[in-house]
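Each remark here refers to the structure printed beneath this line.
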Amino acid sequence: MLKEAEIRTFIEGTTNYFEISAQQSATVGSPYLVTDGNPGAYEYTGVIGISGARKGIVYFTAPRGMLTVLLMRMQETDTSDENIKDLVGEVANTISGNARRDFGKNFVISVPVVIAHDLEKVTAPHSRSYVIPINWRTHSAKLVVCLE
Amino acid sequence: MTDMDVESKPMLKLMIVDDSNIIRRRIERSQQIARLEVVGAASNGREAVELFRRTQPDVVTMDLTMPEMDGVECVQKLVAINSKVLILVVSALADKATAVDAIERGANGFLCKPFTDRQLNDALEELLSEA
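Chains as they are written, first to last, in this note's numbering: chain A, 1 to 148; chain B, 149 to 279.
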């Protein structure tokens with residue numbers, strides 16, 4: 001179960017990422033709770049395993065179009081599938097790592113696991129997940145936080 | 149810094165360590181320090197130690213969360229090989245304890261991801277002021 005302040009940590013991490021990396025703000029919709037164990041995914045997903053004081057996963061999932069433009073905003077000219085997968089993992093890693101500012105050192109994050117082109121493989125370890133909808137330019141993405 | 153300052157100071161070799169290709173390329177592209185010449189990049193701590201022995205860089209940017217060997221262990225190994233190396237940790241791990249831990253193990257500076265080009269260059273300048 002996440003507290004409101006904890007959800008805010010992830011919202012701030014998400015908006016901060018776009019503000020700094022893309023130099024263009026993203027807006028975040030109202031977070032909502034999914035209780036059927038299926039928070040959904042887009043074409044590319046970067047999953048971070050969480051261990052230590054909290055257990056579960058955090059994932060960032062986005063369509064290729066959004067990730068391509070994000071790469072270009074970062075002055076990256078190589079928009080190959082490899083770099084798109086690298087980026088989606090890096091976004092998930094950065095937002096999760098930044099959360100340690102509030103969660104502390106015992107919020108242990110794994111290296112990213114990237115799932116691409118296979119939406120059914122993206123599953124949550126528990127039935128309850130919080131979904132933070134992200135809107136950037138004309139694109140939509142989500143950050144999913146599923147912690148015990 | 150004037151051209152005269154640049155000419156009077158020796159060139160320094162930079163090695164970039166990060167498991168993200170995008171971040172490795174970003175650091176190489178964005179760093180504007182005239183004295184720094186990139187001599188190599190590694191995607192994990194184990195590769196970094198090998199590359200470090202081979203290229204003998206003066207300055208290293210070091211990610212922390214990496215497969216095979218993480219950045220903290222790698223910092224310790226690099227400092228054991230050359231205690232004069234200057235290491236800037238570039239990591240998303242934003243808690244103070246992690247930064248302090250990295251510094252205690254031999255890193256010289258800490259830059260939190262995400263970062264702007266300006267923040268990267270300022271952090272490198274500050275690091276080089278120790279050289």
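Glycine included, each C-beta is placed from N, C-alpha and C at the ideal position.
The beta-carbon distance between Gly46 of chain A and Ala92 of chain A, rounded to whole angstroms, is 3 Å. This is short enough to meet the 8 Å contact definition. DSSP, read as helix, strand or coil, puts Glu120 of chain A in helix.
Apart from the 5 residues on each side of it in sequence, Asn38 of chain A sits with its Cβ closer than 8 Å to the Cβ of Thr123 and Ala124 in its chain, given in chain order. Cβ neighbours of Gly219 of chain B within its own chain (closer than 6 Å, five residues either side excluded): Met210, Asp211 and Leu212. Going by beta carbons, Thr77 of chain A and Thr68 of chain A fall outside the 8 Å limit. Leu259 of chain B has a beta carbon lying at 8 Å or more from every beta carbon in chain A. Residue state for Ile164 of chain B is assigned as strand, using DSSP reduced to three classes. Here the alpha carbon of Ile115 of chain A sits roughly 13 Å from the alpha carbon of Glu90 of chain A.
DSSP places Ile229 of chain B in the helix class (H, G or I) of the three-state scheme.
At a beta-carbon threshold of 7 Å, the residues of chain A lying near Leu241 of chain B are Gly97 and Arg100, ordered along the chain. The straight-line gap separating the alpha-carbon atoms of Asp249 of chain B and Glu221 of chain B is approximately 11 Å. Shown here, Phe263 of chain B sits in coil according to DSSP, grouped into three states, outside any helix or strand.
DSSP places Phe103 of chain A in the uninterrupted alpha helix (DSSP H) bounded by Arg100 to Phe103. Taking the C-beta atoms as reference points, Asp167 of chain B is found nearer than 8 Å to Met214 of chain B.
Distance between Thr15 of chain A and Gln24 of chain A, taken at the CA atoms: about 9 Å. Against chain B, the beta carbon of Thr94 of chain A has neighbours under 8 Å at Ala240, Lys261 and Pro262, listed in chain order. Within chain A, the residues placing a beta-carbon under 8 Å from that of Ile171 of chain B are Glu90, ordered along the chain. Judged by DSSP secondary structure, Asn16 of chain A falls outside any beta strand (DSSP E) and instead within the alpha helix (DSSP H) spanning Glu4 to Tyr17.
Beta-bridge analysis with DSSP links Leu33 of chain A to A:Tyr130. Here the region 265-272 of chain B makes no contact with the region 128-140 of chain A; the two share fewer than three CB pairs at distances below 8 Å. Rounded to the nearest whole angstrom, the C-alpha separation of Ile48 of chain A and Thr203 of chain B is 33 Å. Contact note: Gly104 of chain A reaches chain B through Asp243 and Ala245, using a C-beta cutoff of 9 Å and chain order.
Residue pairing by DSSP leaves Asn169 of chain B without any beta bridge partner. Contact holds between the region 230-246 of chain B and the region 103-113 of chain A, because three or more Cβ pairs, one in each stretch, are under 8 Å apart. Taking 8 Å as the threshold, the shortest C-beta distance from Asp86 of chain A to chain B falls below it. Taking a Cβ-Cβ threshold of 8 Å, none of the residues of chain A is close to Ser191 of chain B; the smallest such distance is about 10 Å. Straight through space, the alpha carbons of Leu236 of chain B and Leu143 of chain A are spaced by roughly 29 Å.
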